[in-house]
Amino acid sequence: MDSINACFISYRHTGADSQQFVQAFVHELKRQLQLWLPNAPVYFDEKGLKVGDQFNEELAFELCRSACMVMFFLPLHFDINHPYCAREYKAMLELEKQRLGAGVADLQNKGLIFPVVYRGADDLPEEIKTCRHYLNFEHLIHERDFKRRECHQELYALSKQISDRYRALTNAGLIQAEPCKSFKFPDLEAIRPWLEGISPIKAFAMPGH
């Protein structure tokens, strides 16, 4: 059970400033989760992928062996020009469908994707707004604000939900490390029409095209 991640943090790498915000959020979330799941890691890829990199198979493996996804949302989370987060989201939707379809009582009507909006609630896709509760932290203006009491209360509730999902999934044997070695992210072309429809900025034309 210790090899299963409590959650996978999905976020858009947009520079050092945004990195500070997501790091502060993850730090406080980890503190809360340690009280519920002291042996379950939080997968957080701090280095990130760069333009031109191949999509890392390690990320697909780590997502597959995570009980759920926490989506740290900024306005360009779903960007057709940088589709990494979109592929993570679509992959987690497929995992969610498989796991919730197993008929585990503790998972009835429970999602495995937790949106946390730091900026851009208006850019959150309707399919998320209308189907999932999300945390809205748009009122925070500095990374130290995640240490506020009201934020701790919100993160306490989030960590409890993550813990509940983790226990239900692992007790039901629905997360296995071995099958996750062959798990893949969806191909970009397969999700392109959907992503073009929700991307706040349209695809740019490459030179010579």
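Residue numbers (the UniProt record's numbering): 1 to 209.
Ideal Cβ placement from N, Cα and C applies to all residues, glycine included.
Practice task
Give the secondary structure of I175 by DSSP, where H, G and I count as helix, E and B as strand, and everything else as coil.
Solution key: Coil, per DSSP.
Query raised in the report: Among all the DSSP beta bridges, which residues are the ones paired with H82?
Result: Looking at the DSSP output, H82 sits in a beta bridge with D79.
Assuming the contact rule is C-beta atoms closer than 8 Å, F61 and F183 should be a hit. Round their C-beta distance to whole Å, please.
Indeed, because the Cβ distance is near 6 Å, the residues count as touching under 8 Å.
Exercise for review: Spell out the partners DSSP gives L135 in its beta bridges.
Suggested key: According to DSSP, which records beta bridges pairwise, L135 is partnered with V116.
**Prompt:** Which term fits L63, buried or exposed, when burial requires 16 or more other beta carbons within 10 angstroms of its beta carbon?
**Reply:** If you draw a 10 Å sphere on the C-beta of L63, you find 16 or more other C-beta atoms in it, and that means buried.
field: contact_flag[the region 16 to 34, the region 80 to 90] where n(CB pairs < 8 Å) is 3 or more
entry: These segments do not touch.
| query | What did DSSP end up calling S18 once you bin it into helix, strand or coil? | reply | Helix.
- Message: Can you confirm whether N109, when its beta carbon is compared against all beta carbons of chain D, has any partner nearer than 8 Å?
- Response: The structure shown contains no chain D, having only a single protein chain.
Open item on the list: Rounded to the nearest angstrom, what separates H209 and N56 at their Cα positions?
Closed with: Because H209 sits at a pLDDT of 35, beneath the cut-off of 50, its placement in the model cannot be relied upon, and the following sentence gives the value as read from the coordinates. Rounded to whole angstroms, H209 to N56 spans 27 Å at the Cα level.
- Secondary structure of I191, DSSP reduced to three states: I191: helix per DSSP, three-state reduction.
Exercise. Work out the CA separation of F72 and I162 for me, nearest whole Å.
Key: In this structure, the straight-line span from the alpha carbon of I162 to that of F72 is close to 15 Å.
Between the Cα of A24 and the Cα atoms of E126, P41 and K147, which residue gives the shortest distance?
-> Relative to the Cα of A24, the nearest Cα in the group E126, P41 and K147 belongs to K147.
Apart from the five residues on each side of it in sequence, which residues of its chain come closer than 7 Å, Cβ to Cβ, to W194? In its own chain, leaving out the 5 sequence neighbours on each side, no residue places its CB closer than 7 Å to the CB of W194.
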